[in-house]
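Inspection log for the structure reproduced underneath, given as structure tokens.
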Amino acid sequence: MSKLNRDVLYLIFEELQDNEKSLCSCLLVNKTWCETIIPILWKNPWKFLKEGKEKILFNIIISHLSDDNLSKSIENLYQKPSFNYIYFCRYLNFNHIENIIETNILLKNEIIKLFINENMKYTHLYIPQQFDFQLYLIPGFEQSFSDIEFLSCNTRINDNILVELTKICKSIKELELFTEVRNNNYEIIRLIETQKKLSNIYFINKYIRNDESFCKSLENSLIKHANNIHYLMITRQPATKILPLFINLKILELQCNSLDITWNCLENLSLPFLQSLKASRVPIKPLASLIENTSGHLTLVKIDHIRHDEKYNKRIIEAIYQNCPNLKYLKLLFKNSNILELKNLLINCKYLIGLYIIIDNMRDVFDCDNLFKILTDSSPVSLFKFKFAFYYRKIKPDSLKLFFDNWKGRHPMILQLSQGGNDMEEHSNLMDKYKTEGIIEKYDDYLHGEDFEWI
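Each residue of the sequence shown is one higher than the one before, starting from 1 at the first, in UniProt numbering.
Okay, here's the thing in structure tokens:
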């Protein structure tokens with residue numbers, strides 16, 4: 001493998017771009033591997049930046065400065081780098097840059113200039129709220145940012161920066177905006193209107209209150225892009241009737257920051273090509289209505305952080321299994337009174353791979369034996385990934401034994417389990433036993449990672 005040509009190696013290592021540990025271990029194999037991996041690691045050097053490690057990255061960045069830009073006392077501390085690491089950077093995150101140089105203000109100008117010149121070409125740009133550095137005066141500004149595909153900024157962004165970005169950026173595909181209660185910059189409207197490829201929108205309102213007038217203008221600026229919007233993430237109910245215009249929407253993410261919002265805009269809303277629905281703190285009634293008006297393309301449904309009664313629990317489960325025949329991943333709260341509806345869901349959703357079950361067993365006495373019997377009797381052959389959130393009570397070991405014994409002969413399960421109680425040793429021993437028998441492939445006694453990641 002060490003003799004593979006660079007192009008093949010690059011393709012292989014790109015598949016590991018989210019696995020820092022593996023990439024770093026491969027750096028040590030030989031010079032060719034090292035030279036192939038460095039551009040991948042430095043494409044987005046902020047991705048793996050952990051708290052407390054900022055000084056290491058700062059030192060590497062400083063080492064790129066010319067001797068003319070360093071005082072003699074500093075110059076002797078930094079060895080010149082083996083690579084021009086900054087040249088490989090395609091993600092420019094000024095949030096992180098400001099954090100790592102906040103105690104080195106004298107070097108701020110020189111460090112920023114390292115990242116902006118005629119040799120740089122960025123695809124992703126992140127600008128913090130009160131960033132007022134005059135980037136547009138640096139030679140190479142247009143070369144560096146004219147092709148950005150992703151922009152993240154606050155709606156109070158400095159007017160001069162925004163005006164200049166609007167002039168040169170026409171190919172933004174993804175836009176992430178953090179909206180404020182007041183003093184929002186309306187120049188953002190013109191930035192949106194001038195784009196040619198806009199498809200992914202993330203509107204994040206940090207507060208329950210909002211600037212209604214600005215939000216309306218913001219939403220109206222999307223009308224010309226409506227047919228091309230495929231991904232929408234919002235944290236508040238729209239101020240206009242913009243949602244029905246997104247007829248080609250594939251992914252909808254609703255991260256509500258208040259339980260008092262009705263979200264009645266979802267009722268009778270038709271999104272025929274919707275494939276993924278994620279909703280947090282959104283009432284069940286409008287969500288059920290939305291699912292009932294899809295056309296069978298949903299493969300992922302995640303609904304959490306919203307309490308509801310047996311009536312609406314039954315309705316949302318029915319809406320899913322009656323309208324989502326291609327469902328692969330589901331996260332949902334199940335009430336004990338509706339556990340037979342889980343059986344109908346498992347029978348109708350034949351392509352289910354991962355199931356994340358939430359049990360509110362503080363308010364609901366839950367029959368775990370019946371739950372596990374339904375899972376073993378009715379699960380489609382594709383289903384083997386499970387997450388269970390029993391927040392207030394511990395599952396009896398005998399119930400788990402019944403589940404595992406009846407799972408014999410099926411695909412080994414990947415299991416994460418969160419439950420009340422502190423004595424986990426008995427469960428851990430039980431899991432080890434069934435891992436040895438090949439019934440469990442992987443197990444963790446806590447929930448971690450993304451909802452539909454099983455590690």
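Even for Gly, the Cβ is constructed at its ideal location relative to N, Cα and C.
Ranked by Cα distance from residue 366, the options 352, 338, 354 are led by 338. When C-alpha distances from residue 292 are compared across 316, 251, 199, 129, the shortest belongs to 316. For residue 270, the secondary structure class from DSSP, reduced to helix, strand or coil, is coil.
Here residue 324 is buried, its C-beta having at least 16 other C-beta atoms within 10 Å. In its chain, beyond the 5 residues on either side, 202, 253 have a beta carbon closer than 6 Å to the beta carbon of residue 233. The continuous stretches of beta strand (DSSP E) do not include residue 96, which lies in the alpha helix (DSSP H) extending over residues 94-100. The C-alpha of residue 188 is placed about 26 Å away from the C-alpha of residue 89.
If you draw a straight line from the Cα of residue 404 to the Cα of residue 453, it is about 21 Å long.
C-alpha of residue 109 to C-alpha of residue 380: approximately 59 Å in a straight line.
With contacts defined by Cβ atoms closer than 8 Å, residue 370 and residue 351 do not form a contacting pair.
If you ignore the 5 residues before and after residue 336, its C-beta comes within less than 7 Å of the C-beta of 364, 365, 366, 367, all in its own chain and listed in chain order.
Relative to the Cα of residue 146, the nearest Cα in the group 124, 242, 284 belongs to 124.
In terms of Cα proximity to residue 280, the closest of 268, 271, 260, 59 is 260. Here DSSP, grouped into helix, strand and coil, assigns residue 304 to strand. Counting the other CB atoms within 10 Å of its CB gives residue 391 a total below 16, which places it among the exposed residues. Cβ-Cβ separation between residue 42 and residue 96: approximately 13 Å, too far for a contact (criterion under 8 Å). Of the candidates 224, 217, 153, the residue whose Cα lies closest to the Cα of residue 238 is 217. Per DSSP, residue 375 lies in no beta strand (DSSP E) segment; the continuous alpha helix (DSSP H) that holds it begins and ends at 368-378. Check the Cα spacing between residue 249 and each of 402, 294, 241: the tightest is with 294. Under the three-state reduction of DSSP, residue 384 is assigned to coil, being neither helix nor strand.
With a 10 Å radius around the Cβ and a threshold of 16 neighbouring Cβ atoms, residue 212 comes out exposed. Per DSSP, residue 278 is not a residue of any alpha helix (DSSP H); the beta strand (DSSP E) it occupies stretches across 276-280.
By the neighbour-count definition (other C-beta atoms within 10 Å, threshold 16), residue 436 is an exposed residue. Comparing alpha carbon positions, the residue from 98, 81, 115, 256 closest to residue 136 is 115. Per DSSP, residue 344 is not a residue of any beta strand (DSSP E); the alpha helix (DSSP H) it occupies stretches across 339-348. Within the same chain, Cβ atoms closer than 6 Å to the Cβ of residue 33 are found at 26, the five residues on either side in sequence being excluded. Leaving aside the five residues that flank residue 197 on each side, the residues in its chain whose CB is nearer than 6 Å to its CB run, in chain order, 171, 173. Secondary structure of residue 17 (DSSP, three-state): coil. In the DSSP assignment, the residues bridged to residue 233 are 202, 253. Residue 131 and residue 223 have their alpha carbons spaced roughly 29 Å apart. A straight line joining the alpha-carbon of residue 384 with that of residue 431 spans about 15 Å. Taking 8 Å as the cut-off, the beta carbon of residue 443 is found no closer than this to the beta carbon of residue 402.
Distance between residue 298 and residue 319, taken at the CA atoms: about 12 Å. Residue 387 is classed as buried because its beta carbon has at least 16 other beta carbons within 10 Å across all chains shown.
Our two residues, residue 13 and residue 37, have alpha carbons roughly 7 Å apart in a direct line. Shown here for residue 376: same chain residues with a beta carbon closer than 7 Å to its own, the five before and five after excluded, namely 403, 406, 407 in chain order.
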